[in-house]
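Quick note, the sequences are listed as chains B and S, same order.
Heads up: the first sequence is residues 1 to 281, going by the numbering used here.
Heads up: the second sequence is residues 1 to 281, going by the numbering used here.
Here a beta-carbon is modelled for each residue, glycine too, at the ideal position from N, C-alpha and C.
Protein chains: 2
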Amino acid sequence: MSEPLFAPVQEGLTRLRGTLAYDGKDFYGWGIQPDKRTVQATVEHAVATVLRIDPVTVQCAGRTDAGVHARGQVVHFDIPTSTLMEMNDLVYKFNSLLPEDVAFLDLQITTPDFDARFSALARNYSYLIYLYGRNPLLRNHAHRSWLPLNVAAMQEASQRLLGLHDFAAFCRKREGATTIRTLLRFDWAETPDGLIRADVKADAFCYSMVRGLVGAVLEVGEGKRPVEWITEYLEGRARQPEIYAAPALGLTFESVEYPSADQFATRVQETLRVRDLDGTP
Amino acid sequence: MSEPLFAPVQEGLTRLRGTLAYDGKDFYGWGIQPDKRTVQATVEHAVATVLRIDPVTVQCAGRTDAGVHARGQVVHFDIPTSTLMEMNDLVYKFNSLLPEDVAFLDLQITTPDFDARFSALARNYSYLIYLYGRNPLLRNHAHRSWLPLNVAAMQEASQRLLGLHDFAAFCRKREGATTIRTLLRFDWAETPDGLIRADVKADAFCYSMVRGLVGAVLEVGEGKRPVEWITEYLEGRARQPEIYAAPALGLTFESVEYPSADQFATRVQETLRVRDLDGTP
Numbered sequence: 001m002s003e004p005l006f007a008p009v010q011e012g013l014t015r016l017r018g019t020l021a022y023d024g025k026d027f028y029g030w031g032i033q034p035d036k037r038t039v040q041a042t043v044e045h046a047v048a049t050v051l052r053i054d055p056v057t058v059q060c061a062g063r064t065d066a067g068v069h070a071r072g073q074v075v076h077f078d079i080p081t082s083t084l085m086e087m088n089d090l091v092y093k094f095n096s097l098l099p100e101d102v103a104f105l106d107l108q109i110t111t112p113d114f115d116a117r118f119s120a121l122a123r124n125y126s127y128l129i130y131l132y133g134r135n136p137l138l139r140n141h142a143h144r145s146w147l148p149l150n151v152a153a154m155q156e157a158s159q160r161l162l163g164l165h166d167f168a169a170f171c172r173k174r175e176g177a178t179t180i181r182t183l184l185r186f187d188w189a190e191t192p193d194g195l196i197r198a199d200v201k202a203d204a205f206c207y208s209m210v211r212g213l214v215g216a217v218l219e220v221g222e223g224k225r226p227v228e229w230i231t232e233y234l235e236g237r238a239r240q241p242e243i244y245a246a247p248a249l250g251l252t253f254e255s256v257e258y259p260s261a262d263q264f265a266t267r268v269q270e271t272l273r274v275r276d277l278d279g280t281p
Numbered sequence: 001m002s003e004p005l006f007a008p009v010q011e012g013l014t015r016l017r018g019t020l021a022y023d024g025k026d027f028y029g030w031g032i033q034p035d036k037r038t039v040q041a042t043v044e045h046a047v048a049t050v051l052r053i054d055p056v057t058v059q060c061a062g063r064t065d066a067g068v069h070a071r072g073q074v075v076h077f078d079i080p081t082s083t084l085m086e087m088n089d090l091v092y093k094f095n096s097l098l099p100e101d102v103a104f105l106d107l108q109i110t111t112p113d114f115d116a117r118f119s120a121l122a123r124n125y126s127y128l129i130y131l132y133g134r135n136p137l138l139r140n141h142a143h144r145s146w147l148p149l150n151v152a153a154m155q156e157a158s159q160r161l162l163g164l165h166d167f168a169a170f171c172r173k174r175e176g177a178t179t180i181r182t183l184l185r186f187d188w189a190e191t192p193d194g195l196i197r198a199d200v201k202a203d204a205f206c207y208s209m210v211r212g213l214v215g216a217v218l219e220v221g222e223g224k225r226p227v228e229w230i231t232e233y234l235e236g237r238a239r240q241p242e243i244y245a246a247p248a249l250g251l252t253f254e255s256v257e258y259p260s261a262d263q264f265a266t267r268v269q270e271t272l273r274v275r276d277l278d279g280t281p
């Protein structure tokens, strides 16, 4: 899958920015795939149908894998300004056409230089785990661990991953894509209702990186590896076959952070410059 | 549907007590109905299959309607003591045969005089509401309100319903069944993640009572009726057609409270005596 390049808004079009929530269970992830039910295809279809326009491309802040949920995915797309003038209450109209497992939470006209992906400063994900047994009410939104977990050791290991690193060991390979990222937060805690929750934040994540991070730290939590191992693993920069990515269903894309509107364009240039240096197309 | 009578354990059988959780979305409620997927039929089938015995009757603490969830439904059933001797890890074995949306959380041998329904001192339910828009991640576990809700007014109205009353106005009629109950708790609060939650506790609930209570209090929360109206409505003892029961999907059966084991039999006698006085068969 090629990475979309930054595309400024065209003459006669208006750029919209929106927040989406979805239940990832019945989607084959964000990005369009032939003959698969994806979030992107579903949303693009609803937008084009409501506005009676040609297919529109909806760009997101972070493409999610099959089964991953979102509470605060951010998107942008451009629609004919003339169409916009005739419409109001677009959130309601789009949601009326969207199936029950995906919805716009908000929608606004934004500046031409806003880009859901390249203007972003940081992404927040959560990962939810329940222990043993069965949990019929959370089965599609949390991962079941069959082993007891040492949350303190997981927290300690996670802290050693913070900062600017090459996270290649935690990511699936994608030709030409950088794996250098800044991990800004990786905290583990027990929730009041007995679940174990990770909060993970980075400037950006590479392919399958959050699940790789959680999967590796679970090795420590299960007592299979000492805390120190996580640093060796990071520095090895090679994904080991025995470390599986944690299952998608425990993962939720929570939110995206952006600079103030006057910084959108600057941030896009910064993002593109950094990726150029890394060899990202 | 006739109410099951208290049945003490037979010679050669051992009584088990278990806790069940289920996602009510794809069940037609608890009680067996011809050609419908119900929790009771599903659980009874798994138990009989694992133990290779004739159909067994599983009694629950509170029969839930179609769509209602459970985090802590309590059940009892009797199995041949000889079968029990050969088996261990029954939770695991039953759950292996149960579909993903229902599971035993625990299971223990209990005393012959324990009755999931008649020994119970109190039942706890929760009701979850989100406001406006759409919520793909909670759509099957919370009710969407299209109107803003005055939580303080809802709390005030709910407090006026506490105590021993005839709750006929809030219940669906069931021939010969009493509607006199003691409402022990009915609290509303906003959760940290912006939802509105009711916690409801009574000695027992009659048919559709929690949903009737929530539906009536929502009339106050939406500003359609003053707080005082709730008392008139209670005292009218007639369900008004314009007051609908709140939707099932927001309702979760949380837990059941029992006396200590030496009080099981006494509590059963008390329960049966009170219901006799009310004319309950």
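Taking Cβ positions only, does residue i come closer than 7 angstroms to chain S?
i	result
B:Asp166	no
B:Met1	Only weak support exists for where B:Met1 lies, its pLDDT of 41 falling under 50; the value from the coordinates is given anyway. With 7 angstroms as the cut-off, B:Met1 does not count as an interface residue toward chain S.
B:Pro136	yes
B:His143	no
Indicate the three-state DSSP secondary structure (helix, strand or coil) for residue i in the structure shown.
i	result
S:Phe205	coil
S:Ala177	coil
S:Ser260	coil
S:Glu222	coil
B:Ile243	coil
B:Leu162	coil
S:Glu228	coil
S:Ala169	helix
B:Thr191	coil
S:Ala238	coil
B:Glu254	strand
B:Thr182	strand
S:Val210	helix
S:Arg267	helix
S:Arg273	helix
B:Ala198	strand
S:Met154	helix
Give a yes or no on whether 7 angstroms exceeds the smallest Cβ distance from residue i to chain B.
i	result
S:Arg123	no
S:Asn150	no
Using a cut-off of 7 angstroms between C-beta atoms, extract the partners of residue i located in chain S.
i	result
B:His69	Leu137
B:Asp23	Pro136 and Leu137
So with CB distances below 8 angstroms, who are the chain S contacts of residue i?
i	result
B:Ala103	Gly133, Arg134, Asn135 and Pro136
Mind listing the chain B neighbours of residue i? Cutoff is C-beta to C-beta under 7 angstroms, in chain order.
i	result
S:Glu100	Pro136 and Arg139
Quick check: the region 216-235 of chain S against the region 72-92 of chain S, are at least 3 beta-carbon pairs closer than 8 angstroms? In this structure the region 72-92 of chain S does not touch the region 216-235 of chain S; the number of beta carbon pairs closer than 8 angstroms is below three.
Let me know the beta strand (DSSP E) ranges lying completely inside the region 85-150 of chain S, each 3 residues or longer, listed in chain order. Entirely contained in the region 85-150 of chain S, the beta strand (DSSP E) runs reaching 3 residues are, in chain order, 102-109, 122-131 and 143-145.
Going along the chain, which unbroken runs of the alpha helix (DSSP H) with 4 or more residues stay wholly within the region 3-76 of chain S? For the region 3-76 of chain S, whole alpha helix (DSSP H) runs of length 4 or above, ordered along the chain, are 39-51.
Indicate whether the contact test is met: 3 or more Cβ pairs, each with one atom in the region 235-244 of chain S and one in the region 159-177 of chain S, closer than 8 angstroms. Result yes; three or more Cβ-Cβ pairs closer than 8 angstroms.
Could you tell me whether the region 31-51 of chain S touches the region 120-127 of chain S, using the rule of 3 or more Cβ pairs below 8 angstroms? No, they do not touch.
Three-pair Cβ contact test at 8 angstroms for the region 70-81 of chain B versus the region 8-16 of chain B: The way I'd put it, the region 70-81 of chain B does touch the region 8-16 of chain B; three or more beta-carbon pairs between them come closer than 8 angstroms.
Using 8 angstroms as the threshold, is the region 205-224 of chain S in touch with the region 25-38 of chain S, meaning 3 or more CB pairs across them? The region 205-224 of chain S is not in contact with the region 25-38 of chain S.
Using 8 angstroms as the threshold, is the region 240-258 of chain B in touch with the region 176-195 of chain B, meaning 3 or more CB pairs across them? Result no; under three Cβ-Cβ pairs closer than 8 angstroms.
State whether the region 136-156 of chain B contacts the region 91-103 of chain S, with contact taken as three or more CB pairs (one from each stretch) at a distance under 8 angstroms. In this structure the region 136-156 of chain B lies against the region 91-103 of chain S, because at least three pairs of beta carbons, one per stretch, are closer than 8 angstroms.
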